[in-house]
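Notes to accompany the following structure.
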Amino acid sequence: MKIKPLLSFIIGLFSFLILWTLLYFFVQNHSIPSPLLTLQKAWEIKDSLLLHTGASFLRIGIALSLSLVIGVPIGILFSRISWLNTFFSPLLYFLYPLPKVAFLPVFMIFFGLGNTSKILLIFAIISIQVIVSIRDGVNAIPKNYYRLMANYDSTSWQTIRYLIFPAIKKTLFASLRVSVGIALASLFFAENYNTTYGLGYLILSAWAKMDYAEMFVGILMIGILGFVLFSGLDYVEQHRKPRG
Numbered sequence: 222m223k224i225k226p227l228l229s230f231i232i233g234l235f236s237f238l239i240l241w242t243l244l245y246f247f248v249q250n251h252s253i254p255s256p257l258l259t260l261q262k263a264w265e266i267k268d269s270l271l272l273h274t275g276a277s278f279l280r281i282g283i284a285l286s287l288s289l290v291i292g293v294p295i296g297i298l299f300s301r302i303s304w305l306n307t308f309f310s311p312l313l314y315f316l317y318p319l320p321k322v323a324f325l326p327v328f329m330i331f332f333g334l335g336n337t338s339k340i341l342l343i344f345a346i347i348s349i350q351v352i353v354s355i356r357d358g359v360n361a362i363p364k365n366y367y368r369l370m371a372n373y374d375s376t377s378w379q380t381i382r383y384l385i386f387p388a389i390k391k392t393l394f395a396s397l398r399v400s401v402g403i404a405l406a407s408l409f410f411a412e413n414y415n416t417t418y419g420l421g422y423l424i425l426s427a428w429a430k431m432d433y434a435e436m437f438v439g440i441l442m443i444g445i446l447g448f449v450l451f452s453g454l455d456y457v458e459q460h461r462k463p464r465g
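Note that my numbering has the sequence shown beginning at 222, numbered continuously upward.
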């Protein structure tokens, strides 16, 4: 890891621990353990903690990848083909505000009780966000840019590759950052059913046992997982160079 991301992580973690410590001393309630006790607990359960974190990371990674692979092309099509946008955008606007986590039992009925239903639930939650963001990003490209590409007899793929993709880069990464936040928030609910490993499962299991130190270990790891994902997106955005 390079110095800058590492330094950023240290600053973020240190700031979080300071706020946590202040809250601990201010509240003085056993349901909020001290950061030191929580870190000791994290060390005690480090082996299982890695499994819980890895399971959650895998579910989010697959759901985000599916949203990217499916949502970006659909968003571009909605922008470039007006009748698709006319007929399907109202459906997106209707589906977007629905609490899709409530459909987890339906996903379990159709896709089983394992990882598939949980991954597809997270995918369903964030894919609409990606589609709408990409569509709006493509719509923001000035029309004369397309005319300029047409003057050079550019193919549809060349227009997408050299005009649309560079133009929606910031929109795409902004959408992915929002999607990461939504995915992490949805993870807690999705991993509370028929799950052996996952940070959501760890948190709820610890809460049921009234093991608040272990519960806060799970909460802390979700924060660290979010930091890693956000930092990864920042790195890709800043270092990705277009291929000629």
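Even glycine gets a Cβ: it sits at the ideal position worked out from N, Cα and C.
Ordered along the chain, which non-local residues of its own chain (more than five positions away) have a Cβ less than 7 Å from that of F332?
-> Numbered from 1 along the sequence shown, position 111 holds the residue referred to as residue 332. Cβ neighbours of F332 beyond the five flanking positions: S338, L341.
Sorted by chain position, which residues of the same chain lie with C-beta nearer than 6 Å to L325's C-beta, five sequence neighbours on each side aside?
-> Stepping through the sequence shown from its first residue, residue 325 is reached at position 104. Cβ within range, chain order: L342.
Between the stretch 311–326 and the stretch 418–426, do at least 3 Cβ pairs fall closer than 8 Å?
-> no
Which residue from S400, Q459, S396, V359 puts its Cα closest to that of T380?
-> Numbered from its first residue, the sequence shown carries residue 380 at position 159. Of S400, Q459, S396, V359, the residue nearest in Cα terms is V359.
If we call anything under 8 Å between Cβ atoms a contact, is I346 one with S286?
-> If you number the sequence shown from 1, residue 346 lands on position 125. If you number the sequence shown from 1, residue 286 lands on position 65. Contact: no.
Any 3 or more C-beta pairs closer than 8 Å across the stretch 232–247 and the stretch 372–392 | no
Whose C-beta lies closer than 8 Å to the C-beta of L233 among residues of the same chain, with five residues either side of it excluded?
-> Position 12 of the sequence shown, counted from the start, is the residue given in the question as residue 233. The sequence shown places Gly at residue 233, not Leu. Around G233: F448.
Which whole runs of the alpha helix (DSSP H) in the stretch 245–318 are 4 residues long or more, in chain order?
-> 256–265, 267–301, 303–316
Taking the alpha-carbon positions, what's the P463 to P387 distance?
-> Within the sequence shown, numbered from 1, the residue matching residue 463 stands at position 242. Within the sequence shown, numbered from 1, the residue matching residue 387 stands at position 166. Any answer about P463 is weak, because its pLDDT of 48 lies below 50 and its placement is not dependable; what the coordinates show is given next. Answer to the nearest angstrom: the Cα atoms are 8 Å apart.
Going by C-alpha distance, which of S310, A284, D374 is nearest I295?
-> As a first step, residue 295 must be located in the sequence shown, where it is residue number 74. The candidate whose alpha carbon is nearest that of I295 is S310.
Exposed unless 16 or more other CB atoms sit within 10 angstroms - verdict on R368 | Within the sequence shown, numbered from 1, the residue matching residue 368 stands at position 147. With fewer than 16 other Cβ atoms within 10 Å, it is exposed.
How long is the line joining the alpha carbons of Y418 and Q459, rounded to whole angstroms?
-> Here residue 418 is taken as the residue at index 197 of the sequence shown, counted from 1. Here residue 459 is taken as the residue at index 238 of the sequence shown, counted from 1. The C-alpha of Q459 is placed about 33 Å away from the C-alpha of Y418.
Work out the CA separation of L260 and V248 for me, nearest whole Å.
-> As a position in the sequence shown, residue 248 is number 27, starting the count at 1. As a position in the sequence shown, residue 260 is number 39, starting the count at 1. One alpha carbon belongs to V248, the other to L260, and they sit about 19 Å apart.
By the 10 Å Cβ neighbour count, where 16 or more other Cβ atoms means buried, how is M222 classified, buried or exposed?
-> On the sequence shown, residue 222 is found 1 positions in, with the first residue counted as 1. Its pLDDT being 46, under 50, M222 is placed unreliably by the model, and nothing is read from it.
Within the same chain, show all residues whose beta-carbon is closer than 8 Å to that of H251, passing over the 5 residues directly before and after it, in chain order.
-> For the purposes of this step, residue 251 is taken as residue 30 along the sequence shown, with counting starting at 1. Closer than 8 Å at the Cβ level, and outside the excluded window around H251, lie Y433.
Say the cut is 7 Å; is the CB of R280 nearer than that to a heavy atom of the ligand COA?
-> In the structure shown, the ligand COA is absent, as is every other ligand, since no ligand is present at all.
For N413, which three-state DSSP category applies?
-> The count along the sequence shown starts at 1 and reaches residue 413 at position 192. Coil, per DSSP.
Contacts around I349, its chain only, beta-carbon distance under 7 Å, and the 5 residues preceding and following it disregarded = By 1-based counting over the sequence shown, the position of residue 349 is 128. Same-chain partners within the cutoff: L313, L316, Y317.
According to the Cβ coordinates, are L420 and T274 closer than 8 Å?
-> Reading the sequence shown from its first residue, position 199 is the one you call residue 420. Reading the sequence shown from its first residue, position 53 is the one you call residue 274. Contact: yes.
Could you check the C-alpha separation between F410 and V322 for me, to the nearest Å?
-> As a first step, residue 410 must be located in the sequence shown, where it is residue number 189. As a first step, residue 322 must be located in the sequence shown, where it is residue number 101. Their Cα atoms are separated by approximately 7 Å.
Put I347 into one of helix, strand or coil per three-state DSSP.
-> Within the sequence shown, the letter at position 126 stands for residue 347. I347: helix per DSSP, three-state reduction.
Three-state secondary structure (DSSP) of K321 = Numbered from 1 along the sequence shown, position 100 holds the residue referred to as residue 321. Assigned with DSSP and collapsed to three states, K321 falls in helix.
In angstroms, rounded to a whole number, what distance separates the CA positions of N336 and W304?
-> For the purposes of this step, residue 336 is identified with residue 115 of the sequence shown, where counting begins at 1. For the purposes of this step, residue 304 is identified with residue 83 of the sequence shown, where counting begins at 1. Each residue's Cα considered, the two are about 36 Å apart.
Over what stretch of residues does the alpha helix (DSSP H) that includes S377 continue unbroken?
-> On the sequence shown, residue 377 is found 156 positions in, with the first residue counted as 1. Run containing S377: 377–380, per the alpha helix (DSSP H) assignment.
Opening and closing residue of the alpha helix (DSSP H) in which K364 lies | Position 143 of the sequence shown, counting from 1, holds the residue named residue 364. K364 -> alpha helix (DSSP H) spans 364–372.
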